[in-house]
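One structure is given below, encoded as structure tokens.
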Amino acid sequence: MDKKTRIIGWMEYVDLPDLPLNNIKAKIDTGALTSALHAMEIKRFVREGHQWVSFLTEDTASDGLVMIEAPIKERRDIKNTSGVPESRIVIRTNIRVGDEIWPLDVSLTNRSNMKFQMIVGRAALKQHSIAVHTNRAHLLRKKPRKRKEKVSQ
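Mapping of the sequence shown onto our numbering: residues 38 to 190, in sequence order.
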């Protein structure tokens, strides 16, 4: 039985619930094969005989930075936005797009000079019956509201 094709915008808010990161402003980029997440201070380490990575990334819930640790899936040469291959650490985690969750390979790279914290590449969309509307954004979820801090008087 064929699954109905879901149309998403070229820009969506996605979650990486296992990390946990929510409301990530992501560009859905079918020109990119691999997904990429903004990461700083990327450090490899060994935990119980396995390769792990720690990194800082933006936490949209607090408007600050959060330290994340995850097992390393592999190191892979991935072309950057200029087309130059870079050796990047790749982790495997789950992504939530709308109300669907599935596994995702995501490379870690410093995207400080980029507009989006995350790029969702075409490999992440493959086999999920998704089409990208190139003229529309936020078809699955509108921009999340920021929590207002209560001011003591």
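Where a beta carbon is used, it is the ideal one built from N, C-alpha and C, also for glycine.
No experiment lies behind these values; they were computed from the predicted model shown.
Can you tell me whether residue i is buried or exposed? The criterion is at least 16 other CB atoms within 10 Å of its CB, across all chains shown.
i: residue 64; result: buried
i: residue 164; result: exposed
i: residue 84; result: exposed
i: residue 134; result: buried
i: residue 42; result: exposed
Could you please give me the residues that DSSP links to residue i through a beta bridge?
i: residue 155; result: 63, 74
i: residue 136; result: BP columns for residue 136 are empty, so no partner.
i: residue 144; result: 73, 127
i: residue 90; result: 81, 107
What number of angstroms, rounded off, separates the C-alpha of residue i from the C-alpha of residue j?
i: residue 62; j: residue 111; result: 25 Å
i: residue 246; j: residue 160; result: Residue 246 lies beyond the range of the chain shown here (38 to 190); nothing can be said about it.
i: residue 170; j: residue 156; result: 16 Å
i: residue 44; j: residue 55; result: 25 Å
i: residue 51; j: residue 115; result: 22 Å
i: residue 113; j: residue 137; result: 27 Å
i: residue 151; j: residue 117; result: 12 Å
i: residue 131; j: residue 59; result: 12 Å
Cβ of residue i versus every heavy atom of the ligand NAP: is any distance shorter than 7 Å?
i: residue 141; result: In the structure on display, the ligand NAP does not appear, and there are no ligands present to speak of.
Going along the chain, which residues of its own chain have a beta-carbon closer than 7 Å to the beta-carbon of residue i, five neighbours each way excluded?
i: residue 79; result: 90, 92, 126, 145
Ignore the nearest five residues each way along the sequence and tell me which others in residue i's own chain have a CB closer than 6 Å to its CB.
i: residue 102; result: 93
i: residue 68; result: none
Where does the unbroken beta strand (DSSP E) through residue i begin, and where does it stop?
i: residue 43; result: 43–46
i: residue 170; result: 167–170
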